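In order, the protein sequences belong to chains A and B. Read in the working numbering, the first sequence has 209 at position 222, and its numbers run on one by one without any break. Every number in the working numbering is 16 more than the matching position in the second sequence, counting from 1. For each residue, glycine too, the CB sits at the ideal point set by N, CA and C. Since the structure is predicted, the reported quantities are computational estimates derived from the model, not experimental observations. See structure below.
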Amino acid sequence: MSTADDQSVGMDYLESFPRKFLRVYFPLGLIIFFLLFPFYWMAVATFKPDAEMYDYEKYNPFWIVNPTIEHIKKLLVETDYPLWMWNTVIVSVSSTFISLFASVCAAYAIERLRYKGSRYVGLAIFLGYLVPPSILFIPLAAIVFQLGLFDGNLALILTYPTFLIPFCTWLLMGYFRTIPYELEECALIDGATRLQILVKITLPLSLPGVISAGIFAFTLSWNEFIYALTFISSSENKTIPVGAITELVSGDVYHWGALMAAALIGSVPVVILYSFFVEYYVSAMTGAVKE
Amino acid sequence: MAVMAESAVAQVKRSSLWTRAFESRNWLGAMFMVPAIAILILFLAYPLALGFWLGMTDTKIGGAGRYIGFANFVSLSKDSVFWLSVFNTIFYTFTASIVKFAIGLYLALLLNERLPFKSMIRAIVLLPFVVPTVLSAIAFWWIYDSQFSIISWVLIKAGLITRYIDFLGDPWNARLSVVAANIWRGVPFVAITLLAGLQTISPSLYEAANLDGATNMQRFRHITLPMLSPIIAVVMTFSVLMTFTDFQLIYTITRGGPINATHLMATLSFQRAITGGNLGEGAAISNAMIPFLVAAILLSFFGLQRSRWQQGGRD
């Protein structure tokens, strides 16, 4: 994706600062405030002692007087949270790698081998991208049960690729298309097999695409909820989103501090990964839409 | 001897078949497709078909079902909760999509201005979309709490209201609250993808318009919108698709309550199928989403696509 340096109109410098402030900075700041506020609120509740959390008269709700890590401690010691974290990591990493492997092979075959009917297969895979998990989860639950995968990580590792493979394949097809044919022809003349071409020429050249697809696939599987909610029943096999919703809410008493800590800690790994690969993430997101 | 010769011939034949397979693009292509196709057929195509079948049976969890034809759909058509969920889904999708589009386009235009720390601002704007939906929905749940809502507190301190707002206890408040949470999560996606579209518009078009004395509004109306409309079509199709089939936000914030007032078709099908154990009925509700979904996709895609060729035709 080419980043345009400056797309604003040439006479921009004529605009005075107060005018630009009213026209651009102020609304932008306001929108960003609303977009970020829930995160601030999450963080405040995580470190706030219960006494301050439920007393808005004596303490200003926007600030913490005595920060505490009680909620985090409670979450890590008294609940299965570390296990949920571990499950989420295992499931996300495995399903991402399975999907990347399958998608690289499929995208290469569709885009470069051009076998008979590859156009139609490519289109069918794109249509698969449009099938939402919320109409698949009921029959999938029946299948998962029949295969004996119910209530285990494998149920999620094998079903997440259903929404990851269409996306990754579609994205990678776009990247493979940009690699000149001549490079492959040279290698073919030198006696390379198709597999060698894929591993030694096409993949290294489309590494940015593979990273983009991988990062996006990882965050999608980290965020997944409905399959994990349906296919997993015992607490020690749950992922973070499901565990937080089903195990931390008991009866009518909500432990808001622990809930917020669960939300905050569960978000941090994705946000850190995202912050390192923003450009790749954005190009995956916009690339999937642009194609 | 004869046997050995025969096997040698077979060997040659097989190896040639093997090498042929490696040279033929069709064979090799088929082999490359195996992992992806196997997973997609077993866990995507087959369940899709199984879903149609399940919707016509009375399957319960832990028992085989009988074929009952369209009986599930007949009983659903008399079910007021089902129709309420249909209404809610349409209301939710329609309202949230329109507001997401309006704010998203506005934000994209703001981000397309000359700004300091532009890439950092863009990275921050996208955060709500990156963070797991369920986890940010938990934060919204706390923001909407009936006793400790920060929104109510601020409004009371500002003297605008006198009593805490019951965000999730009143049907319309609850509907609007989940719509607001959905907008919060969806705006970054719309804004950043539209921004990518804005950046591909050539500045020379704007310069030419400037020389001709076009106003800001005219530049937006006659350059930005027509150039952007193909990408708007795709973005909004995806947005409508995601909103219509949403499950996580509702399940986290209201679980369909109060008294089914915020049930979407997805959450209702989960409640009937998994919580209630009636897989057949739940599958029927899921299947009922498909025509709406196809209509919504066609409407937003072709409706907006048409304006592209209209603009193109005018040129």
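Which residues does DSSP list as the beta-bridge partners of residue i?
i, result
"lysine 76 of chain B", "B/Gly79"
"glutamate 241 of chain A", "One detail in the question is off: residue 241 of chain A reads as tyrosine in this sequence, not glutamate. Note: tyrosine 241 of chain A sits in a beta bridge opposite A/Val236."
Give a yes or no on whether the C-beta atoms belonging to residue i and residue j are separated by under 7 angstroms.
i, j, result
"proline 153 of chain A", "isoleucine 188 of chain A", "no"
"aspartate 74 of chain B", "glycine 296 of chain B", "yes"
"leucine 280 of chain B", "threonine 105 of chain B", "yes"
"serine 208 of chain A", "valine 147 of chain B", "no"
"alanine 250 of chain A", "isoleucine 154 of chain B", "yes"
"isoleucine 269 of chain B", "threonine 217 of chain A", "no"
"alanine 94 of chain A", "methionine 29 of chain A", "no"
"isoleucine 227 of chain A", "tryptophan 71 of chain A", "yes"
"histidine 58 of chain A", "alanine 231 of chain A", "no"
"alanine 300 of chain B", "glycine 71 of chain B", "yes"
"arginine 191 of chain B", "threonine 109 of chain B", "no"
"serine 255 of chain B", "serine 113 of chain B", "yes"
"serine 90 of chain A", "threonine 156 of chain A", "yes"
"alanine 245 of chain A", "valine 229 of chain A", "no"
"proline 48 of chain A", "isoleucine 166 of chain B", "yes"
"leucine 265 of chain B", "alanine 197 of chain B", "yes"
"arginine 288 of chain B", "glycine 272 of chain B", "no"
"tyrosine 162 of chain A", "serine 193 of chain A", "yes"
"asparagine 74 of chain A", "threonine 149 of chain B", "no"
"leucine 158 of chain A", "glycine 274 of chain A", "yes"
"arginine 237 of chain B", "tyrosine 222 of chain B", "no"
Output needed for residue i: all residues of its chain with C-beta closer than 7 angstroms, excluding positions within five of it in sequence on either side, in chain order.
i, result
"glycine 328 of chain B", "Any reading at glycine 328 of chain B must be qualified, since the residue scores a pLDDT of 47, below 50, and its modelled position is unreliable; the value itself is stated next. Hits under 7 angstroms: none found."
"valine -4 of chain A", "Unreliable placement is indicated for valine -4 of chain A, whose pLDDT of 48 sits below 50; the coordinate value is still reported in the next sentence. Hits under 7 angstroms: none found."
"isoleucine 213 of chain A", "Pro120, Ser121, Phe124"
"glycine 120 of chain B", "Val203, Val206, Ala207, Leu210"
"leucine 185 of chain A", "Tyr95"
"valine 108 of chain A", "Ile97"
Just tell me which of the options has its CA closest to the CA of residue i.
i, options, result
"phenylalanine 68 of chain B", "A/Leu127, A/Asn224, A/Glu266", "A/Leu127"
"leucine 151 of chain A", "A/Phe84, A/Ile59, A/Leu216", "A/Phe84"
"isoleucine 313 of chain B", "B/Arg271, B/Val251, B/Val170, B/Ala299", "B/Val251"
"proline 242 of chain B", "B/Gln264, B/Ile217, B/Thr231", "B/Ile217"
"isoleucine 77 of chain B", "B/Met305, B/Ser302, B/Asn294", "B/Asn294"
"serine 262 of chain A", "A/Val31, A/Ile202, A/Val108", "A/Ile202"
"glutamate 39 of chain A", "B/Ala139, B/Phe164, B/Tyr267", "B/Phe164"
"arginine 101 of chain A", "B/Leu176, B/Leu315, B/Gly229, B/Ser40", "B/Ser40"
"alanine 46 of chain B", "A/Arg99, A/Gly244, A/Leu136, A/Leu175", "A/Arg99"
"alanine 249 of chain B", "B/Gly273, B/Phe318, B/Ser220", "B/Phe318"
"leucine 284 of chain B", "B/Ala61, B/Met49, B/Leu64, B/Leu92", "B/Leu92"
"asparagine 42 of chain B", "A/Tyr43, A/Leu23, A/Leu17, A/Arg106", "A/Arg106"
"glycine 185 of chain B", "B/Glu223, B/Ser302, B/Ile275", "B/Ile275"
"phenylalanine 4 of chain A", "B/Phe98, B/Gly81, B/Arg130", "B/Arg130"
"valine 131 of chain A", "B/Phe286, B/Pro63, B/Ala230, B/Gly292", "B/Pro63"
"threonine 253 of chain B", "A/Cys173, A/Leu110, A/Tyr116", "A/Tyr116"
"valine 170 of chain B", "A/Arg6, A/Glu65, A/Ile19, A/Glu44", "A/Glu44"
"alanine 118 of chain B", "A/Pro25, A/Ile18, A/Phe26, A/Asn140", "A/Ile18"
"phenylalanine 145 of chain B", "A/Pro25, A/Tyr241, A/Leu170, A/Gly196", "A/Pro25"
"tyrosine 267 of chain B", "B/Trp157, B/Ala311, B/Arg179, B/Asn303", "B/Trp157"
Keeping to the same chain, check which residues put their C-beta closer than 8 angstroms to that of residue i; ignore five residues upstream and five downstream.
i, result
"aspartate 182 of chain B", "Ser162, Asn189"
"leucine 309 of chain B", "Leu257, Phe260, Thr261"
"isoleucine 198 of chain A", "Phe264, Tyr267"
"threonine 138 of chain A", "Sequence inspection shows aspartate at residue 138 of chain A; the threonine mentioned does not correspond to that position. Excluding sequence neighbours, aspartate 138 of chain A sits near Phe218, Ile219, Ser220, Ser221, Asn224."
"leucine 214 of chain B", "Ala124, Leu125, Asn128, Thr240, Leu244"
"leucine 143 of chain B", "Pro204"
"asparagine 53 of chain A", "Pro36, Glu39"
"methionine 272 of chain A", "Phe203"
"glutamine -6 of chain A", "Note that glutamine -6 of chain A scores 44 on pLDDT, short of 50, meaning its location in the model is unreliable; the coordinates nonetheless yield the value given after this. Nothing meets the Cβ criterion."
"glutamine 326 of chain B", "The predicted model places glutamine 326 of chain B with a pLDDT of 49, which falls under 50 and marks its position as unreliable; any figure quoted below should be read in that light. For glutamine 326 of chain B, where only same-chain residues beyond five positions count, there are no Cβ hits under 8 angstroms."
"arginine 138 of chain B", "Leu127, Ile208, Leu211"
"alanine 174 of chain A", "Gln183, Ile184, Lys187, Ile188"
Using a Cβ-Cβ cut-off of 6 angstroms (strictly less than) and excluding sequence neighbours within five positions of residue i, which residues of its own chain qualify?
i, result
"proline 148 of chain A", "Ser82, Ile85, Ser86"
"methionine -12 of chain A", "Here methionine -12 of chain A scores only 36 on pLDDT, less than 50, and its place in the model should not be relied on; the value that follows carries that caveat. The residues are Ser270."
"glycine 104 of chain A", "none"
Check whether the Cβ of residue i lies closer than 6 angstroms to any heavy atom of the ligand ADP, and answer yes or no.
i, result
"valine 250 of chain B", "Because no ligand of any kind appears in the structure shown, any question about the ligand ADP cannot be addressed here."
(request) Determine, using beta-carbon pairs with one atom in the stretch 177 to 191 of chain A and one in the stretch 73 to 86 of chain B, whether at least three such pairs fall under 8 angstroms. (result) Three or more Cβ pairs closer than 8 angstroms define a contact, and the stretch 177 to 191 of chain A falls short of that threshold against the stretch 73 to 86 of chain B.
(message) If contact is defined by three or more beta carbon pairs under 8 angstroms, each pair taking one atom from either stretch, is the stretch 209 to 216 of chain B in contact with the stretch 108 to 127 of chain B?
(response) Segments in contact, yes.
(request) Take every Cβ of the stretch 132 to 148 of chain A, pair it with every Cβ of the stretch 58 to 78 of chain A, and state whether three or more of those distances are shorter than 8 angstroms. (result) By the Cβ test, the stretch 132 to 148 of chain A is in contact with the stretch 58 to 78 of chain A, since at least three Cβ pairs between them sit closer than 8 angstroms.
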